[in-house]
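Asker:
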Amino acid sequence: MNSPATQAPPTPRVLSNPKEATASRPDWLNISVIATIHLAAIFAIVYMSAIHFSWWTVGLGLLWFGCCGLGITGGYHRSFSHPAHRAHWPLRLFYLLFGAASVQNSALKWSADHRRHHAFTDDVKDPYNIRRGFWWAHIGWVLTNGAGANFSNVRDLEKDPLVRFQHRFYVPLAILMGVVVPFALGLIWGDPWGAVLVAGFLRLVIQWHATFAVNSVAHTFGEPSYNFANSARDSFLTVLITLGEGYHSFHHRFPLDYRNGHRWYHLDPTKWVIWVGSKIGLASQLRRTPAARVAEALREQAEPQPQRKAG
Ligand SMILES: [Zn+2]
Ligand SMILES: [Zn+2]
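Under this note's numbering, the letters of the sequence shown match residues 1 to 311, in that order.
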């Protein structure tokens, strides 16, 4: 079933000075974990090139990259943060398990941050405000203690027992899906540690920077094709590494659309998976923006644009 994804047209807002943002302190736990996993990813490359190479292990790494990527793009983003489609429980479970292995917080915390990003894009309450700088939006905000967790905007998600379960057991689930399961699968072809290094750590570091690029690259480079009111851009580089999340100008204009690349030929594997899921009973209520609304947005974008003001 399709239902229209309607949103109000964008209006440029007066933005606060980014220096007014809450002072943030280094989060030494996050810094240590992220630094250690980067070192493990470098060791994974050394391991594969100088110690032991297995195509099975490479295949597992690619499979985990795809599944964990979908956990974030289809799950955390297009199902939990924005109700762009309804995922039935087996698909929600898939999203939550592989989302945990993506080590980007629980779906609840991720969605709370992301809804704030859409509600306050480019302003002080945007957790990854690009106006605080490219590296802040990319990874700086992850390495610091901000204002703390605030779940007031995800009360709807708290009603889902699967979401609550994943939030409560997020760390054990991340270790299970990111380390234990790859290790067990690697035992089948005699390369368990290679499987952990490649499908666990190397995959994770690549996936982190791909996801982070949506907040940094896709808010800096590319075309504001559908939305002059904020910094979101359609960035093909980001499209290539994020299973379709780089059509970010379109997404900020029509965040309830299950597609980020709305044209049939747009490279958006996430929308194809959701569409296939709807054909086999795993997803329903896929929301699409009517073509006339998209055309209207493009027409508006072609008109002279008002200047943004910074406070
Ligand atoms: Zn954005
Ligand atoms: Zn979004």
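Built from N, CA and C at the ideal position, the CB exists for glycine as well.
1. So for SER54, helix, strand or coil by DSSP?
2. Check whether the segment 65 to 78 and the segment 30 to 43 are in contact - that is, three or more C-beta pairs closer than 8 Å.
3. Report yes or no: do the segment 109 to 120 and the segment 183 to 190 share at least 3 C-beta pairs separated by less than 8 Å?
4. Between HIS38 and the rest of its own chain, which residues show a CB-CB distance below 7 Å, the 5 nearest in sequence each way excluded?
5. Excluding sequence positions up to five away, which residues of its chain have a Cβ less than 7 Å from the Cβ of ALA302?
6. Cβ-heavy atom distance between ALA232 and ligand 1 below 6 Å?
7. Is the segment 293 to 300 in contact with the segment 92 to 105, if contact means three or more CB pairs nearer than 8 Å?
8. Do GLY222 and GLY244 have their C-beta atoms closer together than 7 Å?
9. Kindly indicate which three-state DSSP category LEU29 falls into: helix, strand or coil?
10. Below 7 Å between beta carbons: does that hold for SER249 and ASP268?
11. Would you check if there are 3 or more beta carbon pairs closer than 8 Å linking the segment 130 to 144 to the segment 157 to 175?
12. What number of angstroms, rounded off, separates the C-alpha of GLN207 from the C-alpha of ALA291?
Answerer: The answer reads as follows:
1. coil
2. no
3. no
4. VAL205
5. none
6. yes
7. no
8. no
9. helix
10. no
11. no
12. 32 Å
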